[in-house]
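Participant: Counting from 1 along the sequence shown, just add 959 to a position and that's the residue number in the numbering used here.
Even for Gly, the Cβ is constructed at its ideal location relative to N, Cα and C.
I'd like to ask some things about the structure below.
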Amino acid sequence: MLRNIEGDINESENRREWRNGMDGRAAALLEADERLFFRQSLSSPCINAIKSAQGIYIEDMSGKRYMDFHGNNVHQLGYGNPYVRDALLKQLSELAFSPRRYTNRAAVELAERLCRLMPGGNYKTLFTPSGASSVSVALKLARAYTGRYKVISLWNSFHGANLDTISVGGEGVFRCGAGPLMPGCEHIMPYNSYRCMFGDCGTCGLKCLDYMDYVMKCEGDVGAVLMETVRSTDVHIPPAGYYPKLKRICEENGAALILDEIPTALGRTGKMFAFDNYDVAPDILIIGKGLGGGMIPMSAVLAKAEMDVCGDTSIGHYTHEKNPLGSACAMAVIDYISMNGVLEHVNAMEAILRKALSAIKENCEIIGDVRSIGLLAGVEFVKSRSTKEKAPDLAEKVMYGCLRNGLSFKVSGGNIITLTPPLVITQGELETAMDILREAISEAAG
Ligand SMILES: Cc1ncc(COP(=O)(O)O)c(C=O)c1O
């Protein structure tokens, strides 16, 4: 199943060449890392070692800085954001840990803020230490509330690396060979804003959702539909009518709509939540990653208050559940976004990013498609536009070309480069990054 391409097994030709020219200290760390950590697809062996990260930059052992257009989507507000750091330090000196069965001011205040941000405000929450844990909680809540255990999700989707979350996820690199997965997980085809099997997405009357409705009616007992509102790995953005129609279908079939916005909430799409781009309110929302400000792992499940039906079951009994440090960071993140006009800034930068990417695409046969929303963009590399055959080698070449010139991002799905800069990036920095990208693409195109 695994192919020898970037990210899949971390051992492509380009990776080997890149590591050959590496600084001695980084090479030693990488060697030790490989000896000590289990190898795993998409992760280890690693690409480089970093010694610090500040603002939009990560810095490697030789002092070379890279604009980080990946950052695992935890770096919305930049690395080491001083406002978040001050809030964290203050909380650290007040209360660093809150044992279960006790609550604390920071957690309660954050819960209040998050619930108030939701449409109608009538939501309750649970915090967890990771996105995958929150997906588990959401699935348990949906089961308890609907009395049904089946869940529909999409092929190619990602909802976390735990055994239950790879069961609902749709990526072979996680599922293949993992053994029996969780029962009741059904998958349908993904929305695909480039090449849907029903035609051009958005002009086909959303036939994929008719199919979803068909599956739900055939089954008759589906409890939940789980979706990434906007797919962040290979960047797929459903058309405007998608979610209102999906919500109707869920309601008609008695299923809860769970939206996973772990990488996309908190401004990535130019709105506080990705679902704000659509006329829809989820029954359950999951957020994480940047919620902890890139300092503390922090995730939250926000569900309609009427779903509070698990008083006699433990659905999210995590040691670091009402984490005061993560809560303090999250409140600082929310404050920072509103006090500094981050959403308005994202919308202004989005226009620059779009313009630059469409200009790059215009004269370039090796780019099959560019998709973007807010400061999330995917650039798809193909052998030629007419055949649309994937070109993973070109995507890799572009990535290493950019790395050499100080721009870091990742390749998804073999041939798509995913760009997720920190939301606080300046216009000048964004333009510099686009110059680096343009140069690497024209080099790769030969
Ligand atoms: C859409 C989505 N869901 C779930 C997760 C899992 O989050 P975590 O790694 O915090 O468990 C991720 C992480 O990349 C994600 O992108």
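In chain order, what residues of the same chain lie with their CB nearer than 8 Å to the CB of W1114, ignoring the 5 residues before and after it?
Facilitator: Excluding residues within five positions, the ones whose Cβ falls inside 8 Å are G1129, H1146, I1147, M1148, P1149.
Participant: Can you tell me whether E1388 is helix, strand or coil according to DSSP?
Facilitator: Helix, per DSSP.
Participant: Are there 16 or more other CB atoms within 10 angstroms of the CB of T1124, so buried, or fewer, so exposed?
Facilitator: Classification of T1124: buried, given that the 10 Å Cβ count is 16 or more.
Participant: Helix, strand or coil for G1129, going by three-state DSSP, please let me know.
Facilitator: G1129: coil per DSSP, three-state reduction.
Participant: For the beta strand (DSSP E) holding C1361, just list the boundary residues, first then last.
Facilitator: C1361 -> not in any beta strand (DSSP E); alpha helix (DSSP H) instead, spanning 1351–1363.
Participant: If you measure from the CB of H1276, is any heavy atom of ligand 1 nearer than 7 Å?
Facilitator: H1276: no, Cβ never under 7 Å from ligand 1.
Participant: Taking the alpha helix (DSSP H) that L1048 falls in, what are its first and last residues?
Facilitator: 1041–1053 is the span of the alpha helix (DSSP H), which, as asked, contains L1048.
Participant: Where does F1234 fall in DSSP's three states?
Facilitator: F1234: helix per DSSP, three-state reduction.
Participant: Work out the CA separation of C1160 and P1198 for me, nearest whole Å.
Facilitator: Answer to the nearest angstrom: the Cα atoms are 7 Å apart.
Participant: In chain order, which beta strand (DSSP E) runs of at least 3 residues are fully inside the segment 1255–1340?
Facilitator: Fully enclosed beta strand (DSSP E) runs of 3 or longer: 1258–1263, 1326–1332, 1335–1340.
Participant: Classify H1276 as buried or exposed, calling it buried when 16 or more other Cβ atoms lie within 10 Å of its own Cβ.
Facilitator: Flag for H1276 reads exposed.
Participant: If you follow the beta strand (DSSP E) that D982 is in, where does it begin and where does it stop?
Facilitator: Looking at the DSSP string, D982 is not in any beta strand (DSSP E), and its letter there is neither H nor E.
Participant: Of the choices A1350, F997, K1083, whose alpha-carbon is the least far from that of D1267?
Facilitator: Cα-wise, what sits closest to D1267 is K1083.
Participant: Rounded to whole angstroms, what is the Cα-Cα separation between L1168 and V1174?
Facilitator: Near 10 Å, if we compare the C-alpha coordinates of V1174 and L1168.
Participant: Helix, strand or coil: how does DSSP classify E1145 here?
Facilitator: Note: E1145 maps to strand in three-state DSSP.
Participant: Could you check if T1385 is buried or exposed, using at least 16 other CB atoms within 10 Å of its CB as the buried criterion?
Facilitator: Exposed: under 16 other Cβ atoms inside 10 Å.
Participant: Looking at the strands, I want to know which residues DSSP matches up with E1018.
Facilitator: Its beta-bridge partners are S1011, R1024.
Participant: Look up K1109 in the DSSP assignment and say whether it is helix, strand or coil.
Facilitator: Strand.
Participant: Can you give me the Cβ contacts of Y1359 inside the same chain, cut-off strictly under 7 Å, excluding the 5 residues immediately before and after it?
Facilitator: So the list reads N973, W977, once near-sequence residues are dropped.
Participant: Who are the near neighbours of R998 in its chain, counting only those whose CB is closer than 7 Å to its CB and skipping five residues on each side?
Facilitator: Cβ neighbours of R998 beyond the five flanking positions: P1004.
Participant: If I measure Cβ to Cβ from E1402 and keep anything under 7 Å in the same chain, skipping five residues before and after, which residues do I get?
Facilitator: Around E1402: G1360.
Participant: If you count every other CB in all the chains shown that lies within 10 Å of the CB of R1075, and 16 or more means buried, which is it?
Facilitator: Under this definition R1075 is an exposed residue.
Participant: Going by the beta-carbon positions, is the gap between N1395 and N1374 smaller than 8 Å?
Facilitator: Inspection of the sequence shows that residue 1395 is occupied by Ile rather than by Asn. No, these two residues do not count as a Cβ contact at 8 Å.
Participant: Let me check one thing: in DSSP terms, what residues is L1185 bridge-paired to?
Facilitator: In the DSSP output, where bridge partners are listed per residue, L1185 has I1217.
Participant: Tell me whether K1109, by its Cβ, gets closer than 7 Å to a heavy atom of ligand 1.
Facilitator: K1109: no, Cβ never under 7 Å from ligand 1.
Participant: Do you know how far the Cα of E1398 is from the Cα of D1238?
Facilitator: Each residue's Cα considered, the two are about 39 Å apart.
Participant: Just to confirm, does K1248 get its C-beta within under 7 Å of one of the non-hydrogen atoms of ligand 2?
Facilitator: Among the ligands present in this structure, namely ligand 1, ligand 2 is not found.
Participant: Would R1207 pass as a contact of L1335 if the rule is Cβ separation under 8 Å?
Facilitator: Their beta carbons are not under 8 Å apart, which means R1207 does not touch L1335 by this criterion.
Participant: Alpha carbon to alpha carbon, what distance is there between G1333 and L961?
Facilitator: Any reading at L961 is ruled out, since the residue's pLDDT is 46, under 50, leaving its predicted position unreliable.
Participant: Under 6 Å Cβ to Cβ from H1279, same chain only, skipping five residues before and after it: list those, please.
Facilitator: Contacts found: P1088.
Participant: Enumerate in chain order the residues of its own chain whose CB-to-CB distance from D1219 is below 6 Å, with the five nearest sequence positions on each side excluded.
Facilitator: Excluding residues within five positions, the ones whose Cβ falls inside 6 Å are H1118, E1187, I1245.
Participant: Can you find the residues in the same chain that come closer than 6 Å, C-beta to C-beta, to G1039, ignoring five residues on each side of it along the sequence?
Facilitator: Only Q1013 meet the Cβ criterion.
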